[in-house]
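Following UniProt numbering, the numbering of the sequence shown begins with 1 at its first residue and continues without gaps.
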Amino acid sequence: MSSDPRLALESLTSALAEHLNAVAARRSDDDPRVDEAYDRIAETFGNYEDALWDAYQESTPLDLFDEDPDDSDDDDEDADEDTLES
Numbered sequence: 001m002s003s004d005p006r007l008a009l010e011s012l013t014s015a016l017a018e019h020l021n022a023v024a025a026r027r028s029d030d031d032p033r034v035d036e037a038y039d040r041i042a043e044t045f046g047n048y049e050d051a052l053w054d055a056y057q058e059s060t061p062l063d064l065f066d067e068d069p070d071d072s073d074d075d076d077e078d079a080d081e082d083t084l085e086s
């Protein structure tokens, strides 16, 4: 991980380009290259956010999608609360 936000941003944009290439060349729905590229985006985005915060105490307006199945239960509870309030 680089503590220089510009270098971290270059790594992130490179990861995005690699993901696009992997998706465009996908051989199946379960192509491991696409999954690896997806994971690299998440990793490099986290590194960029950390470097940006360390250098400027600033963050992006973006959040990583969390695939934790427990989180989907929270969303259901929020929807139920909204329904009850209506």
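Note that beta-carbon positions come from the ideal geometry of N, C-alpha and C, so glycine has one too. Keep in mind it's a predicted model, so treat the numbers as computed, not measured.
For the segment 40-57 against the segment 9-20, do three or more pairs of beta-carbon atoms, one drawn from each stretch, fall closer than 8 Å, so that the two count as touching?
yes
Beta carbon of A37, beta carbon of A25: below 8 Å?
no
Comparing C-alpha positions only, which one of S3, H19, D31 and D50 sits nearest to D63?
D50
Nearest chain C C-beta to A51 closer than 8 Å, yes or no?
The structure shown contains no chain C; it holds only a single protein chain.
Residue span of the alpha helix (DSSP H) that contains F45, given as start and end
P32 to Y56
Please classify N28 as buried or exposed, where buried requires at least 16 neighbouring CB atoms within 10 angstroms.
Note that residue 28 corresponds to Ser in the displayed sequence, not to Asn. Counting Cβ neighbours within 10 Å, S28 comes out exposed, since fewer than 16 surround it.
By DSSP, does T60 sit in helix, in strand, or in coil?
coil
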